[in-house]
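Structure record follows, encoded as structure tokens.
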Amino acid sequence: MEAAEEKPTSPREKDEKTDALASGPTGVAGSDLERRAAARLVEELESKGRSARVQEMKIPASESATITLHAALTLAATLIGMKWPAIGATICLIAAFSFYSERGLGLRLIGRAIPGRRTGNVLSPPPGPAWEEVEVILATGYDVPDSYPVGEWLSRRFSGRLTTDRILFYGGMIGTFAALMMRAVGIEDTALSIFQTLTAAIPLAAIAAQVDRHLAGTPVATQEDLAPARDVMAAVREADDQSEGDSGVAVCLFGSEYSSAAGASAFFADSRLKLKQGAALVNLVRGARASGPEVTGSEGDLMPTRMNPELAAGSPLKPKMVVLRNQTAATIARRRGLRATTVVGRGEAGVDVLLDASEGALPDEEEKE
Numbered sequence: 008m009e010a011a012e013e014k015p016t017s018p019r020e021k022d023e024k025t026d027a028l029a030s031g032p033t034g035v036a037g038s039d040l041e042r043r044a045a046a047r048l049v050e051e052l053e054s055k056g057r058s059a060r061v062q063e064m065k066i067p068a069s070e071s072a073t074i075t076l077h078a079a080l081t082l083a084a085t086l087i088g089m090k091w092p093a094i095g096a097t098i099c100l101i102a103a104f105s106f107y108s109e110r111g112l113g114l115r116l117i118g119r120a121i122p123g124r125r126t127g128n129v130l131s132p133p134p135g136p137a138w139e140e141v142e143v144i145l146a147t148g149y150d151v152p153d154s155y156p157v158g159e160w161l162s163r164r165f166s167g168r169l170t171t172d173r174i175l176f177y178g179g180m181i182g183t184f185a186a187l188m189m190r191a192v193g194i195e196d197t198a199l200s201i202f203q204t205l206t207a208a209i210p211l212a213a214i215a216a217q218v219d220r221h222l223a224g225t226p227v228a229t230q231e232d233l234a235p236a237r238d239v240m241a242a243v244r245e246a247d248d249q250s251e252g253d254s255g256v257a258v259c260l261f262g263s264e265y266s267s268a269a270g271a272s273a274f275f276a277d278s279r280l281k282l283k284q285g286a287a288l289v290n291l292v293r294g295a296r297a298s299g300p301e302v303t304g305s306e307g308d309l310m311p312t313r314m315n316p317e318l319a320a321g322s323p324l325k326p327k328m329v330v331l332r333n334q335t336a337a338t339i340a341r342r343r344g345l346r347a348t349t350v351v352g353r354g355e356a357g358v359d360v361l362l363d364a365s366e367g368a369l370p371d372e373e374e375k376e
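Written as structure tokens, this is what we have:
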């Protein structure tokens with residue numbers, strides 16, 4: 008009797024056989040669990056024949072601390088403005104400019120006064136000359152988003168159109184500045200007093216929301232949190248196999264991705280990083296279960312950044328274009344002049360769109376188009 012013919016093993020099936028990630032979950036930005044997860048990600052990449060390294064990066068203070076600081080400055084401006092309206096308006100304008108710069112443009116101003124933290128980016132290939140030949144970067148985060156009850160409720164209730172940042176900036180800061188400027192030119196009436204009271208309540212509510220965020224505690228981390236990293240590694244494995252190891256694709260698994268893309272911000276701000284002209288980044292975030300994959304047309308809240316969804320235009324799955332209110336690694340890469348988009352998807356379909364977008368970013372594909 009002839010022996011049964013052995014069925015060829017696909018790259019994705021091989022990935023499931025050796026899994027260093029099964030030893031534990033990841034954690035919130037800057038935590039010990041996040042650092043342990045980074046070490047396991049390196050081990051997993053090396054088991055797939057790729058050299059990898061954890062790059063330690065210093066990142067800003069948490070999103071919650073930044074919001075609280077600027078809200079407190081706005082509230083202080085209101086109180087000072089009751090006696091000295093011009094001084095209060097000046098403080099409020101400085102706070103608004105700093106908040107917009109930090110939350111909208113990623114440039115730290117007043118937030119520099121808050122001590123930062125450390126995180127780790129998992130890079131393959133490791134930092135060095137090899138990055139000068141990289142044509143496509145496949146990226147995702149591996150940390151866990153911290154609990155944010157108010158932010159999550161606003162996102163669900165208003166489909167992401169109304170956010171804490173927008174309420175604080177437009178209602179609290181700009182509103183308070185307008186009220187104080189009217190007082191500075193001698194306007195005093197009941198309507199203005201009521202308006203100023205309402206604008207003062209907004210930074211108070213923002214501070215309360217951050218306190219509630221802190222009291223919500225650390226979220227429970229699960230193996231599902233590492234699913235985007237698994238999908239990115241499966242995609243790069245297929246790309247390597249198809250090109251016999253010379254795919255020109257790099258992997259960035261960013262730490263603190265869900266903390267305002269802090270790991271990506273530190274990575275792309277490194278002056279030693281040399282990237283090939285025309286390089287592109289394709290990011291991945293976990294989509295809803297049973298939903299079709301999507302690509303982002305713009306990302307960001309206060310200052311939306313236009314993305315490059317055309318990278319996935321040739322995909323047979325025809326992903327639709329969506330808007331993300333939060334910024335991701337793709338947002339940071341786009342601001343640095345790279346072509347970038349984020350795939351919102353999961354599982355086989357998400358991996359396929361990742362591969363299609365990375366192929367669409369290659370120079371030979373662009374020439375064909």
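8 is the number of the first residue of the sequence shown in the numbering used here; add one for each residue after it.
Where a beta carbon is used, it is the ideal one built from N, C-alpha and C, also for glycine.
Beta-carbon proximity of residue i to residue j, cut-off 9 Å
i           : j           : result
residue 145 : residue 331 : no
residue 292 : residue 348 : no
residue 132 : residue 257 : yes
residue 351 : residue 294 : yes
residue 186 : residue 206 : yes
residue 264 : residue 149 : yes
residue 338 : residue 307 : yes
residue 61  : residue 129 : yes
residue 270 : residue 64  : yes
residue 214 : residue 82  : yes
residue 210 : residue 78  : yes
residue 35  : residue 268 : no
residue 255 : residue 70  : no
residue 56  : residue 253 : no
residue 127 : residue 42  : yes
residue 234 : residue 353 : yes
residue 281 : residue 109 : no
residue 285 : residue 190 : no
residue 28  : residue 216 : no
residue 279 : residue 134 : yes
Residue i burial status per 10 Å Cβ neighbour count (16 or more: buried)
i           : result
residue 122 : exposed
residue 68  : buried
residue 25  : Residue placement at residue 25 is flagged as unreliable, the pLDDT there being 49, under the threshold of 50; the coordinate-derived value follows with that caveat. Classification for residue 25: exposed.
residue 15  : Note that residue 15 has pLDDT 49, beneath the 50 cutoff, so the model's placement of it is unreliable and the number below is only indicative. By the neighbour-count rule (16 or more Cβ atoms within 10 Å), residue 15 is not buried but exposed.
residue 159 : exposed
residue 66  : buried
residue 183 : buried
residue 363 : buried
residue 39  : exposed
residue 9   : Note that residue 9 has pLDDT 40, beneath the 50 cutoff, so the model's placement of it is unreliable and the number below is only indicative. Result: exposed.
residue 309 : buried
residue 249 : exposed
residue 197 : exposed
residue 31  : exposed
residue 272 : buried
residue 298 : exposed
residue 11  : Any answer about residue 11 is weak, because its pLDDT of 40 lies below 50 and its placement is not dependable; what the coordinates show is given next. The residue is exposed, with fewer than 16 neighbouring Cβ atoms inside 10 Å.
residue 326 : buried
residue 296 : exposed
Cβ-Cβ separation, residue j to residue i (assumed contact under 8 Å), whole Å
i           : j           : result
residue 238 : residue 33  : Not really, about 14 Å apart at Cβ, beyond 8 Å.
residue 154 : residue 224 : 6 Å
residue 261 : residue 340 : Not confirmed; about 11 Å, so no contact.
residue 316 : residue 328 : 5 Å
residue 73  : residue 113 : Contact flag wrong, Cβ pair sits at about 11 Å.
residue 80  : residue 59  : About 42 Å; that fails the 8 Å criterion.
residue 359 : residue 324 : 6 Å
residue 290 : residue 147 : 6 Å
residue 203 : residue 85  : 7 Å
residue 176 : residue 107 : 6 Å
residue 188 : residue 96  : 5 Å
Where the beta strand (DSSP E) containing residue i begins and where it ends
i           : result
residue 66  : 60–66
residue 144 : 143–148
residue 129 : 124–131
residue 304 : 301–306
residue 287 : 287–293
residue 169 : Per DSSP, residue 169 belongs to no beta strand (DSSP E) and is neither H nor E.
residue 261 : 256–261
Start-to-end residues for the alpha helix (DSSP H) that takes in residue i
i           : result
residue 97  : 92–107
residue 43  : 39–54
residue 202 : 197–222
residue 244 : 234–249
residue 84  : 70–88
residue 183 : 182–191
residue 158 : 156–164
residue 272 : 269–275
heavy atom of the ligand GDP below 8 Å from residue i C-beta
i           : result
residue 206 : For the ligand GDP, the structure offers nothing, since it holds no ligand at all.
Cutoff 9 Å: residue i Cβ touching any chain C Cβ
i          : result
residue 31 : Given the protein chain composition of this structure (a single chain), no chain C is represented.
Ignoring anything shorter than 4 residues or poking outside the region 312–369, list the alpha helix (DSSP H) runs there in chain order. 336–342, 354–368
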